[in-house]
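Heads up: the structure comes next, in structure tokens.
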Amino acid sequence: MDDRARTGGEGAGVRSEHLAEEQAAVDRRYARLDALRAQTLERLRRTRRSGPSGSPQNRSERDAFATLYEDRLAQLDAVEQRLTFGRLDLADGTTHYVGRIGLTDDDHTVLLTDWRAPAAQPFYRATAAQPDGVHRRRHLVTRGRTVTGVEDEILDLAALDGADPQSFVGEAALLASLATARTGRMGDIVATIQAEQDAVIRADLAGALVVQGGPGTGKTAVALHRAAYLLYAHRRTLERSGVLLVGPSRVFLRYIDQVLPSLGETGVVTTTIAEILPGVVADGTEPDEVAEIKGRLVWRQILARAVRQRQGLDIGTREVALDGRVVRVEPRDVAEAAARARRSGQPHNLARATFVREMLGRLADQYAAQLPFPVPPEDRADLVEELRTTRGVRVALNLAWLPLTPERLLESLYRHPDRLAAAAPELTPEERALLRREPGAPWTPADVPLLDEAAELLGEDDQAERAEAAERARRRAADVEYARQVLETSGAGDLVSPELLAERFAHGGPSLTTAERAAADRRWTYGHVVVDEAQELSPMAWRMLVRRVPTRSLTIAGDLAQSSRRDVRSWEALLGPVLGDSWQLAELTVSYRTPAAVARAAQAVAEAAGLPTSRLTSAREVPDALVVEELHAPGDDAALAAAVVRHAREALAGLEGADAGAGRVAVIAPPARVAALRDALAAAPDTAPALRPPSAVLDAPLAVLAPREAKGLEFDVVVLAEPAEVAAAGAGDLYVAMTRPTRALRVVAAGPLPPGLAQSSQAT
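Residue 758 in numbering that gives the first Met the number 0 sits at position 759 of the sequence shown; the count goes up by one each step and never skips.
In structure tokens, the structure reads:
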């Protein structure tokens, strides 16, 4: 839709005036951005030129400011593209420009309103029925720093002159962005956020918000923009504790890694369930049925029981000689000392200190009773220490109550059937047999929540840390006051809070940002947690995540119908065990990515399979978006491969007119067929050049993926092979595979079509 259609028939001369006017406005704001870059770069250079001299306080101050300026430069560089994308003309005669970040001139006059600011909210929510004080909303279309078009919406009902109010905010800009060829990275939607999306993005920080929506509704983009908004609106709260973003895979995190920087935020911790524990590498694989067993909430009891069974073990009577006398480690003493240690309520390794202290006291009493003279009180500590360092005593007490690591505990359960049977009577013998593994086998993602649960039960001896806590608190108060004074004299108070600068003083600069320190500390608690593809998380994974956000402030994005877990039917069942009813549901109902014909076919497949689908309306009708080719050749793998290659070749040819580096095609197939189809595409001269190694899937014009590998990604064209086989592994997997394209879905089936798709095929 062009300017003429949107502005009621303006002539070319008027449109040229608008373009010239907006070009001047955009130029002014880029000039300010350049000036801020130069200013920050000069500050950084001066800071670096100061060298490593001076007191430790001066050096830490220099390092902190260097990091501050580096972060600011990164932010200013990240917002280069589409810095200014909107304008609001208000009924009171004032005008606001809306962009990625806020900018003011030297006199503190606002040049650009941050899209997250309250003043920018009407840009996303105002309608003709409720204009919210807006007379005209203008979308600016830019390429680089050049304004190439403007799109106006007159929201004053009197000025509409009988025309229908627009259904979408910035419809032409939105549809243009949807038609853009895909790249290997997700783009932000800041210029085209729709009203229902904006309501989710700006929802309150408190509590857990579930963002449910079908494919293409923008759940991931909304969750990312919400993280950026919360960091803007609650900066003082979140900059000290941080925000955690949990995605389904490392490939997915690479796919979205440019979104938050483009919105002016660079400090979010991003991770997967497999990577969330510092020092744990969980790159192993296992069958879904094993992962499902490990994900059950019953592991709370299993692990607690396993830990208790390693406390106060009956090791019989053990005699230890010391200086010609004998002390005995008796089962009764061990049992009584263990009971006292458990009553302390501390984790295993901390409670062990109570157990050891109690046992040493009893052994000291034995030893003292054998002496011909009483032990003076001032000498008793020496006696206890001598017993502590006696090898026989150490061995006996370790056998009775051994210090444990999470890895050692879990590996012991997997390795020894008798220990697992004693700890896990809730599991069947067959289920326990599935958990058997050899020592040294790689950890899997499903093991990570169990290791985290074990770490909570075991604890660490933090006596030294507690002793230092009071001193750290005193030093921090002094550092914050000093940082406040430094900011007042440096003029950098608009860039950072005294609290955050004090932390950088204390920790010495760039390698210890809040995000980096949080990622390295298992016990770190965040101010907010964002979870994408949340329907995939097991109950134990949810328990692990909720542990990291005591405030229960979460954004939970997902679609139940896309779950690869067959037991997921409702958010109540998924979240109830860890959040109770302390969460709210927001639904996104418009699919902006998926063409209408594809969306209807996918919905039919999902409904035929009984999946819990959401209400979904597609925003776009795309000609020839769905093609289903039935080969009627069950078992003919060669015919299937040839058809897939042909469709992939045609799809790539159709993208030749796209911008350089843009446009992507995916072949999605059952996992057992991925390798063979990749080989067929690599052998074809028209498709081989578009392939890349599997590790570079995001950079390939042509990718070959299993359905779960494609989750969260999007492509211009998808060639789907053998949908019935995909559905056999899980109807949710087929639903995911069908809804990845933005332009066209090509289905190739040698065997029969699954229910729902056959009817859609006949309709097309």
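Heads up, the beta-carbon is just placed ideally off N, CA and C, and yes, glycines get one too.
None of the values given here were measured: they were computed from a predicted structure.
Based on the DSSP output, what are the partners of residue i in its beta bridges?
{"i": "Glu-318", "result": "Arg-327"}
{"i": "Glu-480", "result": "None, per the DSSP bridge assignment."}
{"i": "Leu-359", "result": "Partner(s): none; Leu-359 has no beta bridge."}
{"i": "Ala-714", "result": "The amino acid at residue 714 is misidentified as Ala; the sequence shows Phe. Pro-740."}
{"i": "Gln-211", "result": "Gly-557, Glu-586"}
{"i": "Val-146", "result": "Thr-141"}
{"i": "Trp-400", "result": "Gln-310"}
{"i": "Leu-704", "result": "Ile-667"}
{"i": "Asp-113", "result": "Gly-98"}
{"i": "Ala-748", "result": "Glu-629"}
{"i": "Arg-414", "result": "DSSP, once it has assigned bridges, lists no residue as partnering Arg-414."}
{"i": "Ser-537", "result": "According to DSSP, Ser-537 bridges with nothing at all."}
{"i": "Ser-562", "result": "In the DSSP output, where bridge partners are listed per residue, Ser-562 has none listed."}
{"i": "Ser-617", "result": "Ser-590"}
{"i": "His-527", "result": "Val-242"}
Based on Cα-Cα distance, which residue from the options lies nearest to residue i?
{"i": "Arg-614", "options": "Gly-212, Val-383, Leu-639", "result": "Gly-212"}
{"i": "Gly-609", "options": "Val-626, Glu-329, Pro-622, Ala-560", "result": "Ala-560"}
{"i": "Asp-91", "options": "Gly-101, Asp-76, His-134", "result": "His-134"}
{"i": "Arg-304", "options": "Pro-692, Glu-452, Ile-100, Leu-204", "result": "Glu-452"}
{"i": "Glu-285", "options": "Gly-278, Gly-294, Pro-277, Val-279", "result": "Gly-294"}
{"i": "Ala-24", "options": "Thr-46, Val-97, Arg-745", "result": "Val-97"}
{"i": "Ala-818", "options": "Pro-428, Ala-687, Arg-71", "result": "For the chain, the structure presents residues 0 to 763; residue 818 sits outside this window and is missing."}
{"i": "Arg-137", "options": "Glu-150, Gly-143, Pro-130", "result": "Glu-150"}
{"i": "Arg-61", "options": "Arg-44, Gln-74, Asp-76", "result": "Arg-44"}
{"i": "Glu-515", "options": "Thr-112, Asp-256, Pro-277, Val-666", "result": "Pro-277"}
{"i": "Leu-439", "options": "Gly-283, Arg-361, Leu-573, Glu-459", "result": "The displayed chain sequence assigns Gly, not Leu, to residue 439. Nearest of Gly-283, Arg-361, Leu-573, Glu-459 to Gly-439, Cα basis: Gly-283."}
{"i": "Val-548", "options": "Ala-618, Ala-665, Leu-578", "result": "Leu-578"}
{"i": "Ala-638", "options": "Arg-739, Ala-695, Ala-748, Asp-580", "result": "Ala-748"}
{"i": "Ala-194", "options": "Phe-122, Tyr-29, Thr-46", "result": "Phe-122"}
{"i": "Ala-352", "options": "Glu-79, Thr-236, Leu-403", "result": "Leu-403"}
{"i": "Val-78", "options": "Val-189, Val-725, Ala-674", "result": "Val-189"}
{"i": "Gly-750", "options": "Thr-738, Ala-720, Arg-739, Asp-685", "result": "Ala-720"}
{"i": "Asp-381", "options": "Ala-363, Leu-230, Gly-391", "result": "Ala-363"}
{"i": "Gly-653", "options": "Glu-335, Arg-31, Arg-592, Asp-715", "result": "Asp-715"}
{"i": "Leu-412", "options": "Leu-396, Pro-375, Leu-398, Arg-431", "result": "Arg-431"}
{"i": "Leu-630", "options": "Val-746, Asp-26, Ser-617, Ala-705", "result": "Val-746"}
Indicate whether residue i and residue j have their beta-carbon atoms separated by less than 8 Å.
{"i": "Val-210", "j": "Ala-556", "result": "yes"}
{"i": "His-347", "j": "Gln-310", "result": "yes"}
{"i": "Leu-252", "j": "Thr-271", "result": "yes"}
{"i": "Arg-124", "j": "Asp-197", "result": "yes"}
{"i": "Pro-670", "j": "Met-539", "result": "no"}
{"i": "Leu-752", "j": "Ala-723", "result": "yes"}
{"i": "Trp-400", "j": "Phe-354", "result": "yes"}
{"i": "Ala-222", "j": "Thr-741", "result": "no"}
{"i": "Leu-139", "j": "Phe-64", "result": "no"}
{"i": "Leu-102", "j": "Leu-111", "result": "yes"}
{"i": "Leu-450", "j": "Pro-405", "result": "yes"}
{"i": "Gly-206", "j": "Ser-590", "result": "no"}
{"i": "Val-242", "j": "Gly-662", "result": "no"}
{"i": "Leu-82", "j": "Arg-14", "result": "no"}
{"i": "Val-333", "j": "Val-326", "result": "no"}
{"i": "Leu-744", "j": "Pro-700", "result": "no"}
Decide if residue i is buried, meaning its Cβ has at least 16 other Cβ atoms within 10 Å, or exposed.
{"i": "Thr-216", "result": "buried"}
{"i": "Thr-145", "result": "exposed"}
{"i": "Gln-38", "result": "exposed"}
{"i": "His-17", "result": "buried"}
{"i": "Ala-682", "result": "exposed"}
{"i": "Gly-8", "result": "With a pLDDT of 43 at Gly-8, under the threshold of 50, the predicted position of this residue should be treated as unreliable, and no value is reported."}
{"i": "Asp-732", "result": "buried"}
{"i": "Gly-729", "result": "buried"}
{"i": "Asp-558", "result": "buried"}
{"i": "Gln-308", "result": "exposed"}
{"i": "Gln-583", "result": "exposed"}
{"i": "His-224", "result": "buried"}
{"i": "Gly-323", "result": "exposed"}
{"i": "Thr-219", "result": "buried"}
{"i": "His-95", "result": "buried"}
{"i": "Gly-169", "result": "Confidence is the limiting factor: at Gly-169 the pLDDT is only 48, short of 50, which leaves the residue's position unreliable and the question unanswerable from this model."}
{"i": "Gly-694", "result": "The displayed chain sequence assigns Ser, not Gly, to residue 694. It counts as exposed."}
{"i": "Val-245", "result": "buried"}
Subject >> alpha helix (DSSP H) segments (min. 4 residues) lying fully within the stretch 636-676 >> reply: 636-653
**OP:** Starting from the N-terminal side, write out each stretch of the alpha helix (DSSP H) that is 4 residues or longer and does not extend beyond the stretch 31-100.
**Re:** 55-77
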